[in-house]
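Some notes on the structure that comes next.
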Amino acid sequence: MSLKFSPGKNIAIKVPNHEFEQTVAFYADILGLTRLSLQDVDAVDSVAFEFGDKNLWIDAVDNLSQAEVWLEIATNSIEEAANYLEQKGVSRRDKIEPLPSGLKGFWISSPTNIIHLIHEEPVSR
23 MSLKFSPGKN
33 IAIKVPNHEF
43 EQTVAFYADI
53 LGLTRLSLQD
63 VDAVDSVAFE
73 FGDKNLWIDA
83 VDNLSQAEVW
93 LEIATNSIEE
103 AANYLEQKGV
113 SRRDKIEPLP
123 SGLKGFWISS
133 PTNIIHLIHE
143 EPVSR
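The structure is reproduced here in structure tokens:
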């Protein structure tokens with residue numbers, strides 16, 4: 023099997039607590055995006071919207087001074103991905119945020135410090 027990467031289905035915007043309500047209102051009320059139901063999510067300060075074929079998450083974060091964009095990348099082999107990215111000198115950021123139990127994945131950052139969740143799922147061609 024050859025290692026593959028593909029875009030994940032989620033984009034997260036991490037925002038300071040004091041900007042959370044305004045940010046949610048911007049996407050819901052001004053842009054009119056459809057809000058998703060979050061029945062399976064434990065996070066209280068998270069809202070998700072339909073964003074084309076993606077989900078756009080708005081997450082309130084303590085002690086954050088400005089918004090950050092986080093991206094999701096799927097791979098067909100988490101072990102191969104970890105080895106490959108390590109060989110390429112990509113920084114692991116595993117302590118940035120806990121992963122849901124059972125998720126085979128890890129965090130990395132790009133050279134410009136954009137956080138990416140790398141996780142395993144079947145990747146389409």
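Its first residue numbered 23, the sequence shown is counted upward by one per residue in my numbering.
Glycine included, every Cβ here is placed at the ideal spot set by N, Cα and C.
Treat the numbers as computed from the prediction; the structure is a model and nothing was measured.
If you compare alpha carbons, which of the options is closest to residue i?
{"i": "Gly124", "options": "Glu143, Leu107, Val112", "result": "Glu143"}
{"i": "Ser24", "options": "Gly30, Ala103, Glu90, Ile33", "result": "Ala103"}
{"i": "Glu90", "options": "Ile80, Ala47, Ala96, Gly127", "result": "Ile80"}
{"i": "Tyr106", "options": "Lys31, Ser59, Ile140", "result": "Ile140"}
{"i": "Ser99", "options": "Gln88, Gly127, Leu58", "result": "Gly127"}
So for residue i, helix, strand or coil by DSSP?
{"i": "Val112", "result": "coil"}
{"i": "Asp81", "result": "strand"}
{"i": "Thr97", "result": "strand"}
{"i": "Glu43", "result": "helix"}
{"i": "Ala70", "result": "strand"}
{"i": "Asn105", "result": "helix"}
Among the residues of its own chain, which have a CB less than 8 Å from the CB of residue i, if the five just before and after it don't count?
{"i": "Leu55", "result": "Tyr49, Phe71, Glu72, Phe73, Leu78"}
Please check the pair residue i and residue j, which I expect to be a contact at CB under 8 Å, by giving their CB distance rounded to whole angstroms.
{"i": "Arg114", "j": "Trp92", "result": "That belief does not hold up - the Cβ atoms of Arg114 and Trp92 are roughly 15 Å apart, past 8 Å."}
Excluding five sequence neighbours on each side, which residues of the same chain lie with their C-beta closer than 7 Å to the C-beta of residue i?
{"i": "Ala82", "result": "Val37, Asn39, Phe42, Asp67"}
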